[in-house]
Amino acid sequence: MVLFKITRVQTSPIEGQKPGTSGLRKKVRVFKQPHYLENFVQSTFNALTATKVRGATLVVSGDGRYYSEQAIQIIIKMAAANGVKRVWVGQHGLLSTPAVSAVIRERVGHDGSKATGAFILTASHNPGGPTEDFGIKYNMENGGPAPESITDKIFENTKSINEYLIAEDIPNVDISAIGITSLEGPEGSFEVDVFDNASDYVKLMKSIFDFQAIQKLLTSPNFSFCYDALHGVAGAYANRIFVQELGAKESSLLNCTPKEDFGGGHPDPNLTYAKELVARMGLGSHAAEDPPEFGAAADGDADRNMILGKRFFVTPSDSVAIIAANAVESIPYFSTGLKGVARSMPTSAALDVVAKNLNLKFFEVPTGWKFFGNLMDAGMCSVCGEESFGTGSDHIREKDGIWAVLAWLSILAYKNKENLGGGKLVTVEDIVRQHWAAYGRHYYTRYDYENVDAGAAKELMAYLVKLQSNLDEVNKIVKGISSDVANVANADEFEYTDPVDGSVSKHQGIRYLFEDGSRLVFRLSGTGSEGATIRLYIEQYEKDSSKTGRESQDALAPLVKVALGLSKMQEFTGRSAPTVIT
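Numbering (my numbering), first residue to last: 21 to 602.
In structure tokens form, the structure reads like this:
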């Protein structure tokens, strides 16, 4: 007996449904427009091969932000109508982005099925709530974001779509209760499997790290720990991993109840937005007097991380370099060695120096985790990272915030295996300063100018490209701003040829490369939901160990002045200061 029928709903194209760096992100009010979500989902189904849809198993979950529950029900009904056989949903609709990747790669259904892809409902580190942001992206059978060949097809489909398929009479599935809902349709059976949202991910983490060693660290009387989920989906994993598995005190967890508006905060793990953690770690104007030894934060979908020591901030660029430098000795998963390392182009060159010293394959890729995924699928990369608080490895095909925290705890456990219980600890700051002494320091900062007029942002970028044609003129401008800065040796727009599939990615950022290894990078971000975001990256390399202890803002002050003057930032944008400095 047919229990649900398929309806073909007439629709028409809606402008602006082009996926950005990682999916489509817009204000909730945009997604709630008639047919908006449905058009994008159907355009995605139409962009996939038949075997990835008909009879397939798809994951549908996300970070729990506002509008997620409604979106999950819509996608379930559209999946059934398009011939999908099974939909897997994390309990309460919650799965972190790295957990989705793990589920695609690792989970086996009750009938032996494996997922072929996933709709992830997240706008990552962007705010949530009725007036804030929502997002959706599609991940492939390798667990990684859809490549440009697919996202380009999706976008083209959104410009010509005239109908979508939906099984409107399927009742809403109770996603709060673990269990299987079975239905019958015109093409046979269809089921929705609501499963525990943490077990697969926890199992994977336990296969990578020495949980016994980390537990010994976290329960040592001379070590203290703090983790802030910023009311994002990481809270669904924090208690299970840090408290239940590793023995940390429940009081060490901050903001670990997932909320659809992230508690009214901005779920971006940086020094600006993670105010409570920053204060607890002894930094900022409201610094606690007795900070923990180690602190970390996650973003909304738990793929980003921030690492802090007692009164000490670890830059993401340093973090990935330090993990790579210590991985083989401290993390069992890497005990046989690293296949290679990679970073995004705007990320500091700290990882480059580690790769050179350890004779590792090294890759510089455009921003976007799919580029790392290609290298990993080809067995060319083990550890990778980006300056925007994303760090990961080839255990999945997404950046992984909790993985990065466990990596740091593993390094601390290894360095302190003789010191636990009462000895003097090797601290986070000690590890970073030892790294600088061995490899040099990359002073680094990023200025974000958010919600800039899109036309003005494009004009600024065009100006910087045109300026590159005359380096003599560039250096004249530079020296006129600051005589303390080296000459510009080269300038270009970053272009990447993928060593795996030969694809070429152009216009990936504007670079000014100085003779002493310093860099200025200008890039338009693809993660905002309105206007344009200009990101300015400023980096200076210091090999002299006697000069690696300076305050970052002092070391970078001349380059910052040059960057703002050279780009005419205020003139083009009308902004006298960035929205965020990291």
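Where a beta carbon is used, it is the ideal one built from N, C-alpha and C, also for glycine.
Predicted model, so just to flag it, every value in this text is computed and none were measured.
Tell me which residues share the same chain as residue i and place their Cβ nearer than 8 Å to its Cβ, disregarding the 5 neighbours each side in the sequence.
i, result
"residue 381", "359, 360, 361, 375, 400 and 401"
"residue 485", "513 and 530"
"residue 324", "144, 145, 288, 289, 318, 408, 409, 410, 419 and 421"
"residue 501", "581, 582, 585 and 586"
"residue 641", "This structure does not reach residue 641, given that the chain is present from 21 up to 602, and the question cannot be answered."
"residue 12", "Residue 12 lies beyond the range of the chain shown here (21 to 602); nothing can be said about it."
"residue 197", "111 and 214"
Between the Cα of residue i and those of the options, spot the shortest distance and give me the residue it belongs to.
i, options, result
"residue 357", "198, 414 and 407", "414"
"residue 447", "515, 279 and 237", "237"
"residue 163", "145, 137 and 410", "137"
"residue 96", "183, 234, 272 and 188", "188"
"residue 226", "260, 538, 255 and 200", "260"
"residue 281", "559, 240, 406 and 48", "48"
"residue 307", "320, 167, 211 and 291", "291"
"residue 373", "348, 349, 355 and 342", "342"
"residue 179", "596, 39 and 553", "39"
"residue 84", "321, 406, 151 and 378", "321"
"residue 449", "441, 442 and 435", "435"
"residue 31", "59, 51, 429 and 50", "59"
"residue 75", "207, 412 and 224", "207"
"residue 132", "170, 169, 77 and 577", "77"
"residue 88", "101, 67, 140 and 68", "140"
"residue 68", "108, 107, 129 and 167", "167"
"residue 477", "417, 452, 555 and 427", "555"
"residue 128", "116, 115, 147 and 108", "108"
"residue 572", "592, 465 and 475", "465"
Going by DSSP, what residues sit across from residue i in a beta bridge?
i, result
"residue 47", "153"
"residue 140", "81 and 157"
"residue 318", "325"
"residue 508", "534"
"residue 200", "213"
"residue 552", "472"
"residue 525", "516"
"residue 108", "79 and 213"
"residue 131", "None; residue 131 has no bridge partner."
"residue 600", "468"
"residue 165", "159"
"residue 185", "28"
"residue 542", "530 and 556"
"residue 207", "Answer is none; residue 207 lacks a bridge partner."
"residue 280", "BP columns for residue 280 are empty, so no partner."
"residue 9", "What the structure shows of the chain is the stretch from 21 to 602, and residue 9 is not part of that stretch, so it cannot be assessed."
"residue 334", "327"
"residue 285", "DSSP, once it has assigned bridges, lists no residue as partnering residue 285."
"residue 40", "43"
"residue 273", "247"
Can you find the residues in the same chain that come closer than 6 Å, C-beta to C-beta, to residue i, ignoring five residues on each side of it along the sequence?
i, result
"residue 391", "385"
"residue 512", "531"
"residue 510", "533"
"residue 353", "228"
"residue 457", "565"
"residue 537", "561"
"residue 433", "233, 234 and 237"
"residue 210", "100 and 203"
"residue 152", "none"
"residue 80", "92, 95, 107, 109 and 139"
How many whole angstroms separate the CB atoms of residue i and residue j, which I take to be in contact at a CB cut-off of 8 Å?
i, j, result
"residue 149", "residue 221", "Residue 149 to residue 221, Cβ: 26 Å. No contact."
"residue 313", "residue 23", "Actually they do not touch by this definition, with Cβ atoms about 57 Å apart."
"residue 156", "residue 29", "At roughly 18 Å, the Cβ-Cβ gap does not stay under 8 Å, so residue 156 and residue 29 are not in contact."
"residue 142", "residue 82", "5 Å"
"residue 181", "residue 33", "6 Å"
"residue 423", "residue 118", "7 Å"
"residue 217", "residue 110", "3 Å"
"residue 195", "residue 159", "With 8 Å as the limit, residue 195 and residue 159 do not qualify as a contact, their Cβ atoms being about 19 Å apart."
"residue 553", "residue 469", "7 Å"
"residue 337", "residue 462", "6 Å"
"residue 242", "residue 445", "6 Å"
Are there any heavy atoms of the ligand NAD lying less than 8 Å away from the beta-carbon of residue i, as far as the coordinates show?
i, result
"residue 586", "As far as ligands go, the structure on display features none, and thus does not contain the ligand NAD."
Output needed for residue i: all residues of its chain with C-beta closer than 7 Å, excluding positions within five of it in sequence on either side, in chain order.
i, result
"residue 481", "530, 542 and 544"
"residue 13", "The structure shown has nothing for residue 13, since the chain only spans 21 to 602."
"residue 563", "460"
"residue 527", "513"
"residue 201", "193, 211 and 212"
"residue 398", "520"
"residue 467", "556, 598 and 601"
"residue 20", "What is shown of the chain runs 21 to 602, which leaves residue 20 out entirely."
Unbroken stretches of the beta strand (DSSP E), 3 residues or longer, contained in the region 357-436
Taking only runs of at least 3 residues, the beta strand (DSSP E) segments lying wholly in the region 357-436 are 361-364, 382-385, 403-406 and 410-413.
Whole runs of the alpha helix (DSSP H) within the region 227-256, excluding any shorter than 4 residues
DSSP runs (the alpha helix (DSSP H)) wholly in the region 227-256: 231-238.
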